[in-house]
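Going line by line, the protein sequences match chains F, A, Z and U. Sequence positions in the first sequence follow the numbering used here and run 274 to 627. Sequence positions in the second sequence follow the numbering used here and run 274 to 627. Sequence positions in the third sequence follow the numbering used here and run 274 to 627. Sequence positions in the fourth sequence follow the numbering used here and run 274 to 627. The beta-carbon is built from N, C-alpha and C at its ideal position, and this holds for glycine as well. See structure below.
Number of protein chains: 4
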Amino acid sequence: MAKMRANVFQGKNTIRVEEVERPRAGMGEAVIRVTLTTICGTDLHIVRGEYPVKPGLIIGHEPVGVIEELGAGVSGYAVGMRVLVGAITPCGQCRACLSGQLSQCGHGEGYEAIGGWRFGNTINGAQAEYLLVPHAQANLAKIPDELTDEQVVLLADIASTGFGGAESGSIKIGDAVVVFAQGPIGLCATAGAKLMGASFIIGIDGDENRLAMARRMGADVVLDYRDVDVVAEVQRLTGGGADVAIEALGTQATFESALRSLRPGGTLSSLGVYSGKLQIPYEAFAAGIGDHRIVTTLCPGGKERMRRLMEVVRHGRVDLTPLLTHTFSLDQITEAYDLFGERMDGVLKVAIKP
Amino acid sequence: MAKMRANVFQGKNTIRVEEVERPRAGMGEAVIRVTLTTICGTDLHIVRGEYPVKPGLIIGHEPVGVIEELGAGVSGYAVGMRVLVGAITPCGQCRACLSGQLSQCGHGEGYEAIGGWRFGNTINGAQAEYLLVPHAQANLAKIPDELTDEQVVLLADIASTGFGGAESGSIKIGDAVVVFAQGPIGLCATAGAKLMGASFIIGIDGDENRLAMARRMGADVVLDYRDVDVVAEVQRLTGGGADVAIEALGTQATFESALRSLRPGGTLSSLGVYSGKLQIPYEAFAAGIGDHRIVTTLCPGGKERMRRLMEVVRHGRVDLTPLLTHTFSLDQITEAYDLFGERMDGVLKVAIKP
Amino acid sequence: MAKMRANVFQGKNTIRVEEVERPRAGMGEAVIRVTLTTICGTDLHIVRGEYPVKPGLIIGHEPVGVIEELGAGVSGYAVGMRVLVGAITPCGQCRACLSGQLSQCGHGEGYEAIGGWRFGNTINGAQAEYLLVPHAQANLAKIPDELTDEQVVLLADIASTGFGGAESGSIKIGDAVVVFAQGPIGLCATAGAKLMGASFIIGIDGDENRLAMARRMGADVVLDYRDVDVVAEVQRLTGGGADVAIEALGTQATFESALRSLRPGGTLSSLGVYSGKLQIPYEAFAAGIGDHRIVTTLCPGGKERMRRLMEVVRHGRVDLTPLLTHTFSLDQITEAYDLFGERMDGVLKVAIKP
Amino acid sequence: MAKMRANVFQGKNTIRVEEVERPRAGMGEAVIRVTLTTICGTDLHIVRGEYPVKPGLIIGHEPVGVIEELGAGVSGYAVGMRVLVGAITPCGQCRACLSGQLSQCGHGEGYEAIGGWRFGNTINGAQAEYLLVPHAQANLAKIPDELTDEQVVLLADIASTGFGGAESGSIKIGDAVVVFAQGPIGLCATAGAKLMGASFIIGIDGDENRLAMARRMGADVVLDYRDVDVVAEVQRLTGGGADVAIEALGTQATFESALRSLRPGGTLSSLGVYSGKLQIPYEAFAAGIGDHRIVTTLCPGGKERMRRLMEVVRHGRVDLTPLLTHTFSLDQITEAYDLFGERMDGVLKVAIKP
């Protein structure tokens, strides 16, 4: 039986690169040889035991690779093709998918929240030499020749999520937008707001490095929450509140500040993953009658989403490679987790090359 | 100086019908002789001191009447015309109004939340013999001859709000909808869900009288929260969660149950006016990544909204007169407040005839 | 090799019920034993040679049946289940489907217009004892026990299309809507407009029988184009033009009248299949700057669409059985085509029982 | 009586700068001293007798100026303020405006198509020393100090229209867009498509100068219709058709090519003003069942629209000054019309300084 190396979750606070069985493609599936992947903040939550997955699982959900094997029923592809696969792998054929809610994919009669997130969650993930891709017909996106792996790997999750935050916020030409937290997702949300025609973008964080990158990704003004009352400042700069506030961290503080930064009738587009209690201060919400909207977004996936995002990169609309600050081999992945987890050395995203 | 009788807020827990000065129409304004009005739950909050307005204010915001005087610059109307005026009176010419957010109307450079709500809030209201209508050009809606005052008075606020909850929830043909609380607003939300093509509507309350009325307004199933675990029952009846949940009370319990009743990707349309802390249980919210939406709505106003709602009634789509359970004269209005406040005698809405 | 009887297109003006090979289910496919089907206007176009299909093709695209065989990879179903399959059978996994445009489904890299319409067009259809269903996972919709075949068969095409015309028109509560032509599709569009909250619906046709049925399906007023200038009358009845006009025939006359019936900023929702030249009279179009919209719709398909429409019927929102005016066996199908084609005996739709 | 100089339409093919009476501000109106204006293609149609206006009318509808006089009831402004006024001046208070269709503004009970276009159409226009602004409260947009007249004058019409074409087309991140004709409106549509996140923009024209400017405004590829079969080339470059095609000329040829350039389910956003017959080739339209949309847009107006567009310019998202290729005084305006009408000397837009 063929083997491969993979980063296996052992249990709280322990991951280890091990030899494991190489996957084979069943009907409707594909196996890709992973050429580039990365580590997501969600992977940190898993390793820290904050998000439960089964010990023994290979983690990671951002794969670029080359098709190694195609299962029965997958057409229009060939072994050797270079592909990008989104973090979310919708089946396209269930009730959720046929309703256009691909991220909430669930095969059965009922629905299962965030059912479209499988890699490194309910099935083996991308931090490995080989990856089994379910629903391959709906999820293998060919990479145009002129794009490198590095140019597309961040589209699998953070760009799709960050842009999704801008899209769910229904940003319009001329909007004033504020983005709370300028980590990888927030930086992509900033870029997404710019892409959609926001006329004025305020980026907020407490890390100078990230604020500098926020400017590069499209923020007109950056605010350090350690220095200013960001809500008051957003209200002042926008003349009465932002049209859209994007939350990209997942804390009470950022959620609440985002809400308080809105004009009446504004939209809070929330991308963060929350734990514990989340409060809506009723006065910040105009007691519920301010015509506010709160929208949430799980990373849109599927091959068409990936194709579209690659077109955005291919035509030079966005360049995410500055976010890939460090590179490691798969065998060095524990180091990479340490660096990424501790936010050392100005790290934003790490490239992992199996 | 001409006088009139009006219900004047005196301070916490005190209202009194008094002789006060009759209003005169300035530029862009109109005065109507009120022929029918009603009492809203919001008026109760005011009287109880839960929502602050200035003592000396005439309260009430649901007017039907006859044009008595037209100020300069108001055209297309004549003294003697019978009109309905919405609870919310947008100017049509400010930043909010020109953005289509009429309820958040605010004249100045900045915005003022719920700025479109003036009657019985920032200016004198409708529980009086005469009423001064600001921005009359945008707010006087002629009543078709074939409709009685009773048929249209509830359109000014509760129908516009209740239907608005269904509209903000973007209900589609085939949706399963649950409406939490079947007071006047909730009953109209139920009727609104029916109007928009919801295939299955569940009405929830703890009052048998109201549950019976919910059926009449369009609920397919009604649940008494005193008898069943409503969240579990909604999940069961809908096969995995409602597409849209409408909250029509303004409490933590109804808000939270509405959220828990949703399918992944569902919409919580909130109509209630909240006070105190409001919590979003993170697990009910799929930790923020369930593609949920929470939308809030303040009663849509303006003459075009009123015209449209009157068309709905005129063509027999909805009949709200069963909600008008009692009738009082203006001089009996304190009795009417007592009955309405104590929910005695199966009261839903009271008609007040000045 | 097992045989079955089926209605086979022989070439222009000739169809014949023949013994042909019974289909077998391949991977991802299913075979159903057809228990009820019907004849569509499109089938007439095919038989008359107005829409080209290959001789030898079994025609028909509105199937109700019982699962006979399930191919590999189809899960959640069992032989013997009663199912409804939409006229359009999206794969769920191509670029069009993943973009939410299920009717324009196309497997390849490029798109193929109306690619989702396969039955009786590019593959064998439903006027047969057995039917091969492609992309079965996305297209088999279980029929609730309480619904009969007759209650659901018209959902496969005409109700999905007719309601789709109302949906594409974005009908809102309070809209005035006019529906041009009250054949089966137009009658369903009328019902769809009612379902979505149109306050006033005008049905137009030249057949008294159909105008009577239009009233039953929700029209408030019906106009016979032989008696009145329908455009002028719509303009008069709506006080300046309909918000939405639905075209349900596919002729220059109905298209043009629909456009002329609109208010500025109104929407023409076109359902007809046009042949020959179609003109937009520029003055009816305000020379192109009247903020008009023209939208077209091909029958929405897929199992979720069918599930939703069955819910609409199950909860009594719409009853389409009055449209099934005649019943024939498969062997009598040529008679049925004659009756349907000649519009004899007040026929609207015929039930075909294999 | 105070006098002023103005460009007065005398009748077909004759305009003349004359001394006329200076306007005074009535209730709800304002008078501005015009500091910059321009000539629009529509003005050419008027002068050529192709669009009828009354002789004696001052033409022009793109004003930048300084408030000279404020009528009663206009608040929040002061004499001496620098303002931009849109080409379309909605009242904000009629049925159309309160429905959000500001360009179709009509005061009366009924609607009047393109009723919001008043300047140089139904009332005196901007090619004059002074201009009377109706509905001033809704239409005076203060210009930020840091912006020059030249930076904002093109927002009044061509940018609002061009961007409007992109907005009505509902352009999304990743869309492939083609813009037919790269005159001033088309160039702004190109810029608008870029602003909204189109990943790939094709600009089409037959003038090299304009194609070069199209690249500067955001086109990735430009095609000269004299050299290539543009429909085939768009189909090839987009891999099956554009998501959105914008028509910015108003001819059968551009309309038809735009339609033929679309993928199934694509949107044709039409900005042109058509005269004579307009045909929809049925096969380009998939016989009416390709899920195509055709949307039209009249320049959005009102002060909030102008404020938003000025924010776009202020934050450097778009620079339209390269389109202002020539400058003339009001007294030289006949020369300016000649140059603009003949498209001499690479002219795109001319600045007129009264």
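Check, Outcome
"Anticipated Cβ contact below 8 angstroms, GLY545(U) with LEU522(U), distance rounded", "5 angstroms"
"Beta-carbon contacts of GLU382(Z) that lie in its chain and below 6 angstroms, excluding the five residues immediately before and after", "Residue confidence is low: GLU382(Z) scores 48 on pLDDT, short of 50, so the model does not pin down where it sits. No coordinate-derived value is stated."
"One or two residues paired with ARG578(Z) in a DSSP bridge", "In DSSP, ARG578(Z) forms no bridge with anything."
"Cut-off 8 angstroms between Cβ atoms - residues of its own chain near PRO328(F), not counting five sequence neighbours on either side", "PHE282, GLN283 and GLY284"
"Positions along the region 502–534 of chain Z whose CB lies within less than 7 angstroms of some CB in chain U", "GLY512, GLY513, GLY514 and GLY523"
"Proximity to ARG297(F) [Cα-Cα], best of ARG306(F), VAL623(F), VAL290(F) and PRO457(F)", "ARG306(F)"
"Chain A within 7 angstroms of GLY381(F), Cβ atoms only", "Summary for GLY381(F): the model assigns pLDDT 48, below 50, so the residue's position carries little reliability; its value from the coordinates is reported in the next sentence. Answer no: the Cβ-Cβ gap between GLY381(F) and chain A never drops below 7 angstroms."
"Within-7 angstroms CB hit, LYS622(U) to chain Z", "no"
"Own chain residues within Cβ distance below 7 angstroms of GLU302(Z), not counting five before or after", "GLY344, LEU405, VAL406, PRO407 and ALA409"
"Cross-chain neighbours of ALA409(A) in chain F, by beta carbon under 9 angstroms", "By Cβ distance, chain F contributes nothing, its closest Cβ being about 24 angstroms from ALA409(A), past 9 angstroms."
"Residue span of the alpha helix (DSSP H) that contains LYS467(F), given as start and end", "457–468"
"GLN525(A) classed as buried or exposed, judged by whether at least 16 other C-beta atoms fall within 10 angstroms", "exposed"
"Members of the region 332–345 of chain U that neighbour chain F once the beta carbon cut-off is set at 7 angstroms", "none"
"Closer than 7 angstroms to chain F by CB, GLN374(A)", "yes"
"7 angstroms Cβ cutoff, LEU420(F) in contact with chain Z", "no"
"Through-space distance from GLY359(U) to GLU402(U), alpha-carbon basis", "17 angstroms"
"Local conformation of HIS255(F) per DSSP, three classes", "The requested residue 255(F) does not occur in the structure, where chain F is confined to residues 274 to 627."
"Where ARG489(Z) falls, given that 16 or more other Cβ within 10 Å makes a residue buried", "exposed"
"Spatially closest choice to LYS626(U) from GLY614(U), HIS599(U), MET617(U) and VAL620(U), by CA coordinates", "HIS599(U)"
"Residues, ordered as in the chain, of the region 558–572 of chain A that lie near chain F by beta-carbon distance below 9 angstroms", "PHE558, ALA559, ALA560, GLY561, ILE562, GLY563, ASP564, HIS565, ARG566, ILE567, VAL568, THR569, THR570, LEU571 and CYS572"
"At least 3 beta-carbon pairs within less than 8 angstroms: the region 567–587 of chain A vs the region 557–566 of chain F", "yes"
"Per DSSP, cross-strand counterpart(s) of TYR403(Z)", "ARG306(Z)"
"Anticipated Cβ contact below 8 angstroms, SER472(F) with ARG578(U), distance rounded", "Actually they do not touch by this definition, with Cβ atoms about 13 angstroms apart."
"Reduced DSSP secondary structure (H/G/I, E/B, other) of GLY538(Z)", "strand"
"Endpoints, the alpha helix (DSSP H) within which HIS318(F) is located", "314–320"
"ILE474(U) versus ILE387(Z): straight-line alpha-carbon distance, rounded", "26 angstroms"
"C-beta neighbour in chain U for GLY447(A), strict 7 angstroms", "no"
"Contact with chain A by GLY545(F), beta-carbon distance below 7 angstroms", "yes"
"Residue environment, LYS276(U), which counts as buried when at least 16 other CB atoms sit within 10 Å", "exposed"
"Whole-angstrom distance between GLY373(Z) and ASP604(Z), CA atom to CA atom", "39 angstroms"
"Buried/exposed call for LYS467(A), threshold 16 Cβ in 10 Å", "buried"
"Proximity test, Cβ basis, 7 angstroms: ASP538(Z) and chain U", "The amino acid at residue 538(Z) is misidentified as Asp; the sequence shows Gly. Yes, its Cβ sits closer than 7 angstroms to a Cβ of chain U."
"Same chain, Cβ closer than 6 angstroms to TYR547(U), five either side skipped, listed in chain order", "GLY523"
"Contact with chain U by ARG590(F), beta-carbon distance below 7 angstroms", "yes"
"7 angstroms Cβ cutoff met for GLY333(Z) and GLY398(Z)", "yes"
"Exposed unless 16 or more other CB atoms sit within 10 angstroms - verdict on THR287(Z)", "exposed"
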